[in-house]
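Here's the structure we're looking at; comments come further down.
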Amino acid sequence: MKRYFGIYGGRYVPETLIPALEELEAAFREVLKERSFREEFDSLLRDYVGRPTPLYHARRLSTHLGGAKIYLKREDLTHTGAHKINNALGQALLAKRMGKKRLIAETGAGQHGVATATGAALVGLECEIYMGSEDMERQALNVFRMRLLGAEVTEVPIGSRTLKDAINESLRDWTTNVRTTHYVLGTVFGPHPYPTMVREFQSVIGKETRRQILRAEGRLPDYLVACVGGGSNAMGLFHSFLKDDVEMVGVEAGGKGIESGLHAARFAGGSVGVFQGCKSYLLQDDDGNILGTHSVSAGLDYASVGPEHAFLREAGRVRYTYATDDEALEAFETLSRTEGIIPALESAHALAEVMKLAPGLPGDRIIVVNLSGRGDKDVEHVARIKGVRIG
Amino acid sequence: MNRIENLFRELRQRGRKAFIPYIMAGDPSLRRTRELVLLLEGCGADIIELGVPFTDPLADGPVIQRAAERALRRGVTLRKVLQTVAGLRKKTSVPIVLMTYFNPVFRYGLEAFADDAFGAGVDGLIVPDLPPDEARDLIRVARRKGIATIFLLAPTSTEERIRLVSRATTGFVYYVSLTGITGAELPPDSEIVRMIKRIRAVTEKPIAVGFGVKRPEEAKAVAEAADGVVVGSSIVRMINEDAEGLQRYLRSLRRAI
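Going down the list, the sequences are from chains A and B.
Okay, so the first sequence: first residue is 1 according to this note's numbering, each after it adds one.
Okay, so the second sequence: first residue is 1001 according to this note's numbering, each after it adds one.
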């Protein structure tokens, strides 16, 4: 299994964790070959997660934008409400097979934390979730959901108090409890084998999409669009189409605009560095310290991006752009009103790009956008932004 | 030959062990760091480990995390730490090892960093998030300048890792005494001794033990098996909380080791 994607990736972690990563890689390689694992995982994806998720032709949105035909890959309809569950379940099953007693995870928006807590409850493992204090405030509902599921939620009050600090704290916990604990990293990031393993567990999104669009349209789509925080929903969608003639767009969080410095657009505003286990693009200052980030969506509010995305960008295979907070909020409302679907603020970034892209395309062009999560968790936050008091 | 290798050779001949205190550069100020290095040397330090502040120190416990935050707030950077070492070289030739996370070095540029570190009089590097598997480029540029690249082993290390790390390391092997972060609780002596024996079975390079050593009794027990003892978090804490007791504490560690 290769450790690098071009020059990106690697395994930049303390020595204490190297044997655990080697053990994890070996176990992962083993289950890839094992039919019983595949069967167990697939049956859970079907009966528990609710897969395959629909590929829905958004007619009113398409008409509203007046251009390309838009399909939504409905990851928001999965159990727990986001694509995160695909990976969390895969890793929970793997950890159980490895004989681990405890799962830990970082979470930003709370979706990965909820998914991991769910996986832990399902397979019967202890669970602790690390979350930055700022995110706990933004996503109070998800904090309570995780606790209901039996997980311990630990606040991370240091650094920027967001996702990156939760990852640091998870890595510290893992370093301390590595013999009994599996770290369920939530995205295609971190030390090898995580970027490859998480992509594998998320690749079900693209495999289904391919089948579904062929059935619906008799051909592959012209465009795939997905938001990119760490980049797992995007990799999950893109991976099955990399060899095809399909254009792909990854959408980062533009926050209040690149010039403002308040964003999480690593490709537009960052440079190559080594952070939290791998070499990739990241937002850093001239001295190599990591910069604070900003996004209206906690799930995209992160200083670095999956190494395979850095590679796909360099190879010219995927185009990366960004949507600002305001654009995402507009898309959030547009989808709610035209289709009756409230998207997660993360997914609203992908929709914002579709709103720019679709009107300029002829009506026979097909765009598939990954609706990676549902927006219930964001309703309170959006109300606050709009100055509306609820409850 | 590198100052660190010379030192261990000399200590071995005299049947003595190295006392390796750690401080965070720039905590609370770089001027204080210069004074502290001289103080540490005066209290019998054989090698000084100088931490470079980083925003995301994932191998460090709360004491060193906070020290890094304080130093960063004062604008301390890798470049300024190198200048501080250069300034110190007019006053002392005590071996100085930088403990830095990899990204600041990567951002500096490996070649430029090796040149400047050599020019400043840095003797060695410890980069906790850079295992030898990923360190080929850093090893190459450091070796050209005679700067030691010190790699770490941990209680979880397999025989294969022990061989790989022992081969790659120069200066000494840094054995992380515990599965955890800096400043955590030290495991029983017997575990540490057992691991040191496993490392000695594959290498003659000196072994220093760090992470978790706080009390002089602990330092003494560790020094019986190892060639050197690193003490970090408890010194960093005293610098900030009990500056008056610091000298006495350092001397008691020195006596114990």
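Where a beta carbon is used, it is the ideal one built from N, C-alpha and C, also for glycine.
Compare the C-alpha of Val369/A against each of Ser62/A, Val31/A, Gly6/A and name the closest.
Taking the first sequence and counting its residues from 1, the one referred to as residue 369/A is at position 369. Ranking the options by Cα distance to Val369/A, first place goes to Ser62/A.
Once you ignore the five residues that flank Gly255/A on each side, which residues in its own chain have a CB closer than 7 Å to its CB?
As a position in the first sequence, residue 255/A is number 255, starting the count at 1. The answer, listed in chain order, is Leu262, His263, Ala264, His294, Ser295, Thr324, Asp325.
Hey, quick one: how far does the alpha helix (DSSP H) through Pro1188/B stretch, first residue to last?
Within the second sequence, numbered from 1, the residue matching residue 1188/B stands at position 188. Premise fails: Pro1188/B is in no alpha helix (DSSP H) and is neither H nor E.
Minimum length 4: unbroken alpha helix (DSSP H) runs contained in the region 307 to 348 of chain A:
307 to 314, 325 to 339
Cβ closer than 7 Å: which chain B residues qualify as neighbours of Lys164/A?
The residue given as residue 164/A occupies position 164 in the first sequence. Ordered by position in chain B, the residues that pass the 7 Å Cβ test against Lys164/A are Asp1056.
Could you list which residues in chain A have their beta carbon closer than 9 Å to that of Ser1157/B, in chain order?
Here residue 1157/B is taken as the residue at index 157 of the second sequence, counted from 1. Within chain A, the residues near Ser1157/B are Glu15, Thr16, Ile18, Pro19.
Give a yes or no on whether 7 Å exceeds the smallest Cβ distance from Asp1129/B to chain A.
By one-based count along the second sequence, residue 1129/B stands at place 129. Output row for Asp1129/B: interface = yes.
Candidates Ala68/A, Glu106/A, Gly110/A, Tyr320/A: which alpha carbon is nearest Leu345/A's?
Position 345 of the first sequence holds residue 345/A. Closest option to Leu345/A, Cα to Cα, is Gly110/A.
Report the rounded CA-to-CA distance for Met1024/B versus Glu247/A, giving the unit in angstroms.
Locating residue 1024/B in the second sequence gives position 24, where the first residue counts as 1. Locating residue 247/A in the first sequence gives position 247, where the first residue counts as 1. About 49 Å.
Along the region 1144 to 1176 of chain B, what residues have a CB closer than 8 Å to any CB found in chain A?
Phe1151, Leu1152, Leu1153, Ala1154, Pro1155, Thr1156, Ser1157, Thr1158, Arg1161, Val1165, Val1176
Return the chain-ordered ranges of every beta strand (DSSP E) run that is complete within the region 107 to 165 of chain A and spans a minimum of 3 residues.
126 to 132, 152 to 156
Given this structure, state the Cα-to-Cα distance separating Tyr48/A from Ala1018/B, to the nearest angstrom.
Here residue 48/A is taken as the residue at index 48 of the first sequence, counted from 1. Here residue 1018/B is taken as the residue at index 18 of the second sequence, counted from 1. For Tyr48/A and Ala1018/B, the gap between their C-alpha atoms comes out near 59 Å.
By the criterion of Cβ-Cβ separation under 7 Å, what are the contact partners of Gly1044/B in chain A?
By one-based count along the second sequence, residue 1044/B stands at place 44. Neighbours of Gly1044/B on chain A: none; closest Cβ ~29 Å, over 7 Å.
Count the other CB atoms within 10 Å of the CB of Thr180/A; is the residue buried (16 or more) or exposed (fewer)?
Mapped onto the first sequence, residue 180/A falls at position 180. When all chains shown are included, Thr180/A counts as exposed.
If the criterion is Cβ atoms closer than 7 Å, does the pair Thr1033/B and Thr1084/B meet it?
Your numbering for residue 1033/B matches position 33 in the second sequence. Your numbering for residue 1084/B matches position 84 in the second sequence. Taking 7 Å as the Cβ cut-off, Thr1033/B and Thr1084/B qualify as a contacting pair.
Count the other C-beta atoms from every protein chain shown that fall within 10 angstroms of the C-beta of Ser1233/B, then say buried if there are 16 or more, exposed otherwise.
What you label residue 1233/B is simply residue 233 of the second sequence in a count that begins at 1. Answer is buried; the Cβ neighbour count reaches 16.
Assuming Glu128/A and Thr154/A are in contact, meaning their beta carbons sit under 8 Å apart, how far apart are those beta carbons, in whole angstroms?
Within the first sequence, numbered from 1, the residue matching residue 128/A stands at position 128. Within the first sequence, numbered from 1, the residue matching residue 154/A stands at position 154. Right, the Cβ-Cβ distance comes to about 6 Å (below 8 Å), so this counts as a contact.
Could you check what DSSP says for Ile1162/B in three-state terms: helix, strand or coil?
If you number the second sequence from 1, residue 1162/B lands on position 162. In this structure, DSSP gives Ile1162/B a helical state, which the three-state scheme calls helix.
Output needed in chain order: residues of the region 271 to 285 of chain A with a Cβ under 9 Å from some Cβ in chain B.
Ser271, Val272, Gly273, Val274, Phe275, Gln276, Gly277, Lys279, Leu282, Gln284, Asp285
Going by DSSP, which residues form a beta bridge with Phe1118/B?
For this step, residue 1118/B is matched to residue 118 along the second sequence. Answer by DSSP bridge pairing: none, since Phe1118/B is not bridged.
If you pair each beta-carbon of the region 325 to 338 of chain A with each one of the region 310 to 317 of chain A, do three or more pairs fall below 8 Å?
no
When we look at the beta-carbon of Met1099/B and count the other beta-carbons within 10 Å, is it buried (16 or more) or exposed?
On the second sequence, residue 1099/B is found 99 positions in, with the first residue counted as 1. With 16 or more other Cβ atoms within 10 Å, it is buried.
Using DSSP's beta-bridge definition, name the partner residues of Ala393/A.
Nothing about residue 393/A can be reported from this structure: the residues present for chain A run from 1 to 391 only.
Do the CB positions of Ala268/A and Ala350/A come within less than 7 Å of each other?
Numbered from its first residue, the first sequence carries residue 268/A at position 268. Numbered from its first residue, the first sequence carries residue 350/A at position 350. Cβ distance not < 7 Å, so Ala268/A and Ala350/A don't count as in contact.
Distance, Cα to Cα, Val1222/B vs Thr162/A?
As a first step, residue 1222/B is located in the second sequence; it is residue number 222 there, counting from the start. As a first step, residue 162/A is located in the first sequence; it is residue number 162 there, counting from the start. Rounded to the nearest whole angstrom, the C-alpha separation of Val1222/B and Thr162/A is 38 Å.
Name the chain B residues whose beta carbon is nearer than 9 Å to that of Gly10/A?
As a working mapping, residue 10/A is identified with position 10 in the first sequence. Chain B residues near Gly10/A: Asp1133, Glu1134.
In chain A, what lies closer than 7 Å to Gln1065/B by C-beta?
As a working note, residue 1065/B is residue 65 in the second sequence. Per Cβ cutoff of 7 Å: Ile158.
With distances taken from CA atoms, which of Leu148/A, Phe238/A, Lys279/A, Val114/A is nearest Ser304/A?
One-based indexing of the first sequence puts residue 304/A at position 304. For Ser304/A, the nearest C-alpha among the options comes from Lys279/A.
Residue nearest to Arg313/A in terms of C-alpha spacing, selected from Tyr8/A, Arg3/A, Lys2/A, Met1/A
Looking up residue 313/A in the first sequence gives position 313. Selected option, being the one with the closest Cα: Tyr8/A.
Closer than 7 Å to chain A by CB, Asn1006/B:
Position 6 of the second sequence, counted from the first residue, corresponds to residue 1006/B. No - not a single Cβ of chain A is within 7 Å of the one on Asn1006/B.
Separation of Pro307/A from Glu1049/B, as counted between CA atoms:
In the second sequence, residue 1049/B corresponds to position 49, counting from 1. In the first sequence, residue 307/A corresponds to position 307, counting from 1. In a straight line, the C-alpha of Glu1049/B is about 32 Å away from that of Pro307/A.
Determine, for Phe1211/B, whether the minimum Cβ-Cβ distance to residues of chain A falls below 7 Å.
Sequence index remark: in the second sequence, residue 1211/B carries index 211 (1-based). With 7 Å as the cut-off, Phe1211/B does not count as an interface residue toward chain A.
Output, in sequence order along the chain, the residues in the region 169 to 199 of chain A whose CB is closer than 8 Å to any CB in chain B.
Leu171, Arg172, Thr175, Thr176, Asn177, Val178, Arg179
Residues near Arg1070/B in its chain [Cβ-Cβ closer than 7 Å; skip 5 each side]:
Position 70 of the second sequence, counting from 1, holds the residue named residue 1070/B. Asp1027, Pro1028, listed in sequence order.
With C-beta atoms as the reference, is Pro1053/B less than 7 Å away from Val1076/B?
Start at 1 with the first residue of the second sequence, and residue 1053/B comes out as number 53. Start at 1 with the first residue of the second sequence, and residue 1076/B comes out as number 76. Yes; because the gap between Cβ atoms is below 7 Å, this pair is in contact.
Are three or more beta carbon pairs between the region 32 to 44 of chain A and the region 185 to 193 of chain A nearer than 8 Å?
no
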